[in-house]
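For reference, the structure is listed below as structure tokens.
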Amino acid sequence: MLEIKGLRASAGNQEILRGINLDVAAGQVHAIMGPNGSGKSTLAQVLAGHPAYTVTAGTVRLDGADLLELEPEERAQAGVFLAFQYPVEIAGVTNAYFLRAAYNALRKARGQEELDPIDFLDLLEEKLKVVGWEAEIMQRAVNSGFSGGEKKRNEILQMAVLEPKLAILDETDSGLDIDALRIVADGVNALRRPDRATIVVTHYQRLLNFIVPDSVHVLVDGQIVKSGGKELALELEARGYEWLTGIPEPASA
Amino acid sequence: MNELYQQAFERFTGNGGSRGPAAVLASRREAFARFARVGFPTIKDEEWRFTPITAIARAPWRLDREASGRQLRGDELEPFRFGDADWCTLVFVDGHFAPGLSHRPPLAAGVSVEPFAEALSRDPALLEGAFARSTAQELTPFAALNAAFAADGAVVRIPAGVHIEQPLHLLYVTTQAAAGAAVQMRTVVQVDRGARLQLVESYAGLERAEVLSNVVTEVTVAEAAWVEHTRIQRENPAAYHIGLTQVEQGRDSHYRSFTLAEGAAIARHDLRARLSGENIETLLYGLYLGRGEQLVDNHTTIFHDQPNCRSWEVYKGILDGDSHAVFNGKVLVQPEAQKTDAKQTNRNLLLSAGAKVDTKPQLEIFADDVKCTHGATVGRIDESAFFYLQSRGIARDHAQRILTYAFAAEVVNEVASTPVRRALDRLVASRLGVRS
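So, in structure tokens, the structure goes:
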């Protein structure tokens, strides 16, 4: 479904991704792990089309279509979804309004009828169950005053509503306590389908206890240095990243 | 120029008794004398530094005008009605009361909502007092001009303890028939002790016409009264709108205003609130939207004269095209006004390279035990917000409209009255090109 070949990307003059090759098949979950600063989040954002990064080489294809040619909104319309590490707060508009605008933008791009607010609320009611929320939260401003856990749950809710082909979770586990982690993971698992793929970007193995990956890739200094099955994550948990990077990790990391 | 105004004033006051009783006439003379003495302000005047009004000062306005005779059908007015059809609504067309377009349901005993003519014949004291005060105060030249010529307007009185549940709407419209005329409305609102009022005051231009809408509104909020005042300025794009709102608050009262400025080529609104009692709360919210070559100027002054009062002010601006906004927020804290808690915020969003803002907080504090803060920002939409919306499938231009609406909605949401807030939200959303 997703084919990344020789992808290189820079922020300003600094090259961050230095030749990424990755194939993700439909129905699979791939974990991207690596120490801080290895380029994991950059990879996630480059796939979604973040304007801060310039792709200097390589190709990214989603079901054969050239993703790098597309604007961020066109990628979303093609089925890419990025769950942000730091979701943006938008005071002034409600969660319900924002989600409906996004949902209808996708429908419009696909030549489907837009849903009116009433019909959308019905749909939303179903989707709220994925993250175990009550409808009241939809009347709050987007991520505004949300706790870290609420923001991450909100990302998963958006994902549930938008039903992407390819979901990319960028450190969705950071800042979550174990209960929130479980809710988020359950949400992601509930959305798994044979025709959808998921990329989970994470520093820790913990999330992968709940979202079990088919493959694990270790990113170091902008390149994938090791790939394996889910047991690779456990090995990283036990041994840290040092044996792959040659650089001792700070004790706090 | 002065001669033209002098002749117009003589004709106006010479035209029989329709200009009010002797007391009002005397006040008009005094106001006109003041205007004749000081003339129009220029940009050399600190209060008008960024707002050149040469076009207004030079135009040969028709001042002593009778009704334009323009008969409007109800449906022509439809886009400018606001809120629900059953709200008490006084409509004025080209400066004169239009009974056929107004809706006057029975109100609680003692409540009066009426045009000048009725107020003068029934209870002239309120209007006489208002005209007398307008000469006693330090007036702007425009307010003096208004006092001299204002031939019609609304007089609202809510007696002590009465709560009006439905908002009242005063709708002042101009049409093509008023082209070249100065339309000078005056609104007098008296909310007595412990009474409660939601007032909507709107100015709308139905058709493109060069008119000068020079208006003055006076609101008296007595002890322990509660007032929400929503002011909507939607003049036609060729109009000049100069407005002054004077608010006088008694102890334990609550006054909150929301000011929307959207129309006119040049729009200036001065809002002055005097807190002349203890334990007063004053909340001033504003939203101004500029595009094309519009100039929109908001001057606010909060007079903290007494201790233990709180004022809270948030004005936001959204500027597109080559529009220009001016915000000047003055807070004056007198030596006796200890424990004053005043906060002022002005935030501006620029949508184009040609738009600009001059913002100036002006805190003058003569008491030592107070909490006064202010902050002003001028900026653009954050790229990270753009990317967030785009990553959800929303195209960049739509994302800009949503984020702009969000910026505006944050202050619209402060309106307390639910039906007013909803109607305002619809209006702002539609102006900014999104669905509410």
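Residue numbers (our numbering), protein chains in the order written: chain W, 431 to 683; chain Y, 304 to 739.
Idealized CB from N, CA, C, for every residue including glycine.
For a contact defined as C-beta to C-beta under 7 Å, what are the partners of S330 (chain Y) on chain W?
What S330 (chain Y) touches in chain W: nothing, since even the nearest Cβ is about 45 Å away.
Is DSSP giving A567 (chain Y) helix, strand or coil here?
coil
Closer than 9 Å by beta-carbon distance: list the chain Y residues that pair up with E503 (chain W), in chain order.
L692, Q693, S694, R695, G696, I697, A698, R699, H701 and A702
With DSSP as the reference, label Q536 (chain Y) as helix, strand or coil.
strand
Distance between G670 (chain W) and S682 (chain W) (C-alpha atoms, nearest Å)
With a pLDDT of 48 at S682 (chain W), under the threshold of 50, the modelled position of that residue is not reliable, and the figure given next carries that caveat. Taking the straight line joining both Cα atoms gives about 12 Å.
Does any residue of chain W have a CB that is nearer than 8 Å to the CB of D623 (chain Y)?
When Cβ-Cβ separations below 8 Å define contact, D623 (chain Y) makes no contact with chain W.
Of the choices W:K538, W:L553 and W:E556, whose alpha-carbon is the least far from that of E503 (chain W)?
Nearest C-alpha to E503 (chain W): W:K538.
Verify whether the separation of the beta carbon atoms of W630 (chain W) and I641 (chain W) is less than 8 Å.
The amino acid at residue 630 (chain W) is misidentified as Trp; the sequence shows Val. Yes, they are a contact pair.
Does any residue of chain Y bring its CB to less than 8 Å from the CB of G541 (chain W)?
No, because no Cβ of chain Y sits closer than 8 Å to the Cβ of G541 (chain W).
Counting only beta-carbon separations shorter than 8 Å, does F550 (chain W) have a partner in chain Y?
no
If we call anything under 8 Å between Cβ atoms a contact, is A290 (chain Y) one with Q609 (chain Y)?
Outside the shown range of chain Y, which is 304 to 739, sits residue 290 (chain Y), and nothing can be said about it.
Under the rule that 16 or more other beta-carbon atoms within 10 Å means buried, what is H607 (chain Y), buried or exposed?
buried
Helix, strand or coil at V642 (chain W) according to DSSP, with G and I counted as helix
coil
On the DSSP bridge assignment, give the partners of C675 (chain Y) in chain order.
Y:A645
At 3 residues or longer, what runs of the beta strand (DSSP E) sit wholly inside the region 411-480 of chain Y?
415-418, 455-461 and 471-477
Burial state of E313 (chain Y), where buried means 16 or more other Cβ atoms lie within 10 Å
exposed
Which full runs of the alpha helix (DSSP H) of 4+ residues lie inside the region 523-558 of chain W, going along the chain?
525-539
Could you check whether A719 (chain Y) and R559 (chain Y) sit closer than 8 Å to each other, using their CB atoms as the reference points?
yes
Specify the secondary structure class of P502 (chain W) as computed by DSSP and reduced to three states.
helix
At a Cβ cut of 7 Å, what residues of the region 518-537 of chain W count as close to chain Y, listed as they run along the chain?
Residues of the region 518-537 of chain W whose Cβ lies closer than 7 Å to any Cβ of chain Y, in chain order: V518, I520, A521, G522, V523, A531, A532, A535 and L536.
Are any of the Cβ atoms in chain Y nearer than 8 Å to that of S682 (chain W)?
Since pLDDT at S682 (chain W) reaches only 48, below the 50 mark, its modelled position is unreliable, and the value read off the structure follows with that caveat. No, no contact with chain Y.
With a threshold of 8 Å between beta-carbons, can A627 (chain W) be considered close to chain Y, or not?
At a cut-off of 8 Å between beta carbons, A627 (chain W) makes no contact with chain Y.
E713 (chain Y) versus chain W: which residues are under 7 Å apart at the beta carbon?
Near E713 (chain Y) (Cβ distances below 7 Å), the residues of chain W are A521 and G522.
Bounding residues of the alpha helix (DSSP H) (the contiguous stretch that carries P722 (chain Y))
Per DSSP, P722 (chain Y) belongs to the alpha helix (DSSP H) from T721 to R734.
Kindly indicate the opening and closing residues of the beta strand (DSSP E) around R489 (chain Y).
M488 to V494
Please confirm if P481 (chain W) has its CB atom under 8 Å from at least one CB of chain Y.
yes
Consult DSSP for N716 (chain Y) and reduce its assignment to one of helix, strand or coil.
coil
Quick one: which chain Y residues come within Cβ less than 8 Å of Q507 (chain W)?
G696
Go to T662 (chain Y), then tell me how far its beta strand (DSSP E) extends in each direction, as first and last residue.
Membership of T662 (chain Y) in the beta strand (DSSP E) is indicated by the continuous run K659 to I668.
Which residues does DSSP list as the beta-bridge partners of S657 (chain W)?
W:H647
Look up S682 (chain W) in the DSSP assignment and say whether it is helix, strand or coil.
Confidence at S682 (chain W) is low in this model, with a pLDDT of 48, below 50, so its placement is unreliable and no value can be given for it.
Residues of chain W with CB under 7 Å from F710 (chain Y), in chain order?
G522
Length of the line joining the Cα atoms of S505 (chain Y) and L666 (chain Y)
30 Å
What do you get for P363 (chain Y), buried or exposed, if any count of 16 or more other CB atoms within 10 angstroms of its CB means buried?
exposed
Grab me the residues of K581 (chain W)'s own chain with a C-beta within less than 6 Å of its C-beta, minus the 5 sequence neighbours each way, in chain order.
Within the same chain, K581 (chain W) has close Cβ partners P517 and N573.
Assumed close pair L529 (chain W), L554 (chain W) - CB separation to whole angstroms, cut-off 8 Å
7 Å
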